[in-house]
Amino acid sequence: MNKKRDKLEIIHSILKTLQEKGEHTKPTHILYKSNLSHQMLTEYLTELIKGKFIEEITTNDRKKHYRLTEKGFSYLKDYDSIKAFLESYGLN
Amino acid sequence: MYYACLTPPWFFKWDILFDFLFLCVAFLISAFAFTIYRKIEQSNVKTFSISFFFIGLSYLSQTLINGYIFTHIGNGICGYLALEHLNFISFIGISAHLFFMLLGLSILVYTTLQSREPKILYLLLGGSLTAILLSRNRISTFFILSALYFTLITWHFMDNAFKKKQKNTLLIAISFLILTLGWIGFLFTSYSPLFYVTGKLLELIAFILIFWNYRLLRKK
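Chains as they are written, first to last, in the numbering used here: chain A, 1266 to 1357; chain B, 1179 to 1398.
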């Protein structure tokens, strides 16, 4: 049985997908890679936009795409350290 | 009557040095937690950072007051020394140490309880301060409350270590277990100053382990 992923791991998975895919990532691609329900993904994307980890871009054909911000890149760089800190003190 | 200092004279310089090391580690952990909070904006990380900041402030007060006593009165004061016999500056310093430590520990207990109800924090703070103010022996009450809070915090870290079974979780659980034993040792200081020295040495081991864990986290 798979261990239930915590919030930190889900956010990491979404940001990692955006990093690997590059500038304009479609929500369907994130959905496929992060293995979340549509509703859960929408909630996470809203939270990540609010936290300025990602940006939403609307293309000419009115389709939504996402890309990482500098804060998002910084989060991914420090992810291991953040995860280990939260685990050390049971804060996750 | 309550007692301000039970440090054996030969240990007084070491006591100041140890407190200085503890304040450095506490501020380091607080600053590291705050940089993580800035990245993930998780509220319990902020309260954790604040708790270590107050614990650091408490050790800072202790270092300053002991430094003041050492330079102005000399190390012959240690033994049974009534708080009333110290001058106003010393009284403020010792009171600041008690207040900041209880504040820091109450916030840390609140953080480990994983509650979002601020009433619990107010209850912990209010209860601690009332107990101290109404107590005849404030130093003993302070040690009892601190030992109790350290026990609660250690319970959380032990539970975390058993669930996650990782090196860093185990390191923190052991360090807080040692800290708790050290603070329980302080409770018996009135029987023999050696309990104080043992408590301080255990505290030193615990802070070295916390610092070691910090170094491991920074390397990741």
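Note that beta-carbon positions come from the ideal geometry of N, C-alpha and C, so glycine has one too.
Note that the coordinates shown come from a computational prediction; the quantities given were computed from them, not determined experimentally.
task = May I ask you to report which of helix, strand or coil DSSP gives H1330/A?
result = Position 65 of the first sequence holds residue 1330/A. H1330/A: strand per DSSP, three-state reduction.
inquiry  = Quick check: what's the CA-CA separation for L1281/B versus G1337/A?
reply    = Your numbering for residue 1281/B matches position 103 in the second sequence. Your numbering for residue 1337/A matches position 72 in the first sequence. Approximately 34 Å between the Cα atoms of the pair.
ask   = Looking only at its own chain, which residues have a Cβ that is under 8 Å from the Cβ of I1298/B, when we skip the five neighbours before and after it?
value = Translated into the one-based positions of the second sequence, residue 1298/B becomes position 120. For I1298/B, where only same-chain residues beyond five positions count, the Cβ hits under 8 Å are Y1288, L1291.
query = Nearest CA to the CA of Y1374/B: which residue from G1360/B, I1386/B, I1383/B, L1387/B?
reply = Taking the second sequence and counting its residues from 1, one reaches residue 1374/B at position 196. Considering only alpha carbons, the answer is G1360/B.
query = My guess is that A1384/B and I1362/B are in contact by the Cβ rule of under 8 Å, so how many angstroms apart are they, rounded?
reply = Taking the second sequence and counting its residues from 1, one reaches residue 1384/B at position 206. Taking the second sequence and counting its residues from 1, one reaches residue 1362/B at position 184. About 13 Å separates the beta carbon of A1384/B from that of I1362/B, a gap too long to meet the 8 Å contact definition.
query = Is the beta carbon of L1283/A sitting closer than 9 Å to the one on L1333/A?
reply = Taking the first sequence and counting its residues from 1, the one referred to as residue 1283/A is at position 18. Taking the first sequence and counting its residues from 1, the one referred to as residue 1333/A is at position 68. In terms of Cβ geometry, L1283/A and L1333/A form a close pair [threshold 9 Å].
task = With a 10 Å radius around its C-beta and 16 neighbouring C-beta atoms as the bar for buried, classify M1279/B as buried or exposed.
result = Against the second sequence, residue 1279/B aligns to sequence position 101. For M1279/B, the number of other beta carbons within 10 angstroms of its own is at least 16, and it is reported as buried.
ask   = DSSP on E1308/A, reduced to helix/strand/coil?
value = To locate residue 1308/A, count along the first sequence from 1; it is residue 43. Look at E1308/A here: in three-state DSSP terms it is helix.
query = Are the beta-carbon atoms belonging to I1331/B and L1387/B less than 9 Å from one another?
reply = Along the second sequence, one-based indexing puts residue 1331/B at 153. Along the second sequence, one-based indexing puts residue 1387/B at 209. Taking 9 Å as the Cβ cut-off, I1331/B and L1387/B do not qualify as a contacting pair.
query = What are the start and end residues of each continuous alpha helix (DSSP H) run of 4 or more residues lying completely inside the region 1343 to 1371 of chain B, in chain order?
reply = Counting whole runs of 4 or more residues, the region 1343 to 1371 of chain B contains the alpha helix (DSSP H) stretches 1345 to 1364.
query = Of the choices I1322/B, L1311/B, G1304/B, whose alpha-carbon is the least far from that of S1273/B?
reply = Here residue 1273/B refers to the residue found at position 95 when the second sequence is read from its first residue. Taking only the C-alpha atoms, the option nearest S1273/B is L1311/B.
9 Å Cβ cutoff met for F1389/B and V1223/B = What you label residue 1389/B is simply residue 211 of the second sequence in a count that begins at 1. What you label residue 1223/B is simply residue 45 of the second sequence in a count that begins at 1. No, these two residues do not count as a Cβ contact at 9 Å.
query = Nearest CA to the CA of F1200/B: which residue from Y1300/B, S1313/B, K1342/B, Y1237/B?
reply = Position 22 of the second sequence, counted from the first residue, corresponds to residue 1200/B. It is Y1237/B.
ask   = Smallest Cα separation from F1318/A: which of Y1340/A, L1306/A, T1293/A, G1287/A?
value = Numbered from its first residue, the first sequence carries residue 1318/A at position 53. The residue with the shortest Cα to Cα distance from F1318/A is Y1340/A.
query = What are the boundary residues of the beta strand (DSSP E) that E1335/A is part of?
reply = One-based indexing of the first sequence puts residue 1335/A at position 70. Per DSSP, E1335/A belongs to no beta strand (DSSP E); it is in the alpha helix (DSSP H), 1335 to 1353.
task = Tell me T1323/A's beta-bridge partners as DSSP assigns them.
result = As a first step, residue 1323/A must be located in the first sequence, where it is residue number 58. K1329/A.
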